[in-house]
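Note sheet for the following structure.
Okay, here's the thing in structure tokens:
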């Protein structure tokens, strides 16, 4: 179910921090991108790639909005 508009960011930010922590852990462990993704299922890898694309799009839209990223 979609988040309600009044709490969509609040509901999403903790999950984003969790994902960020997983990526930071991979960096600390010295993993390459392929090593980081080899531990993921195909479904999870697809979701990671979709999230990466969405993050890039979000940065572009924020810049269009005038938010300095």
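In the working numbering, the protein residues as written are 1369 to 1437.
Backbone N, C-alpha and C define an ideal beta-carbon position, used for all residues, glycine too.
Leaving out the 5 sequence neighbours to the left and right, which residues in its chain are closer than 7 Å to residue 1431 when beta-carbon positions are compared? Residue mapping note: residue 1431 aligns to position 63 of the chain shown, counting from 1. Closer than 7 Å at Cβ, skipping near neighbours: 1437.
Suppose contacts are defined by Cβ-Cβ distances below 8 Å. Is residue 1408 in contact with residue 1416 by that definition? By one-based count along the chain shown, residue 1408 stands at place 40. By one-based count along the chain shown, residue 1416 stands at place 48. Yes, Cβ-Cβ distance for residue 1408 and residue 1416 is below 8 Å.
Less than 8 Å separating the beta-carbons of residue 1413 and residue 1405? As a position in the chain shown, residue 1413 is number 45, starting the count at 1. As a position in the chain shown, residue 1405 is number 37, starting the count at 1. A contact, by the Cβ cut-off of 8 Å.
Under the three-state reduction of DSSP, which class applies to residue 1375: helix, strand or coil? In the chain shown, the residue the question calls residue 1375 occupies position 7. Residue 1375 falls in the coil class under three-state DSSP.
Rounded straight-line distance, which links the Cα of residue 1382 to that of residue 1398: Counting from 1 along the chain shown, the entry for residue 1398 is found at position 30. Counting from 1 along the chain shown, the entry for residue 1382 is found at position 14. In a straight line, the C-alpha of residue 1398 is about 24 Å away from that of residue 1382.
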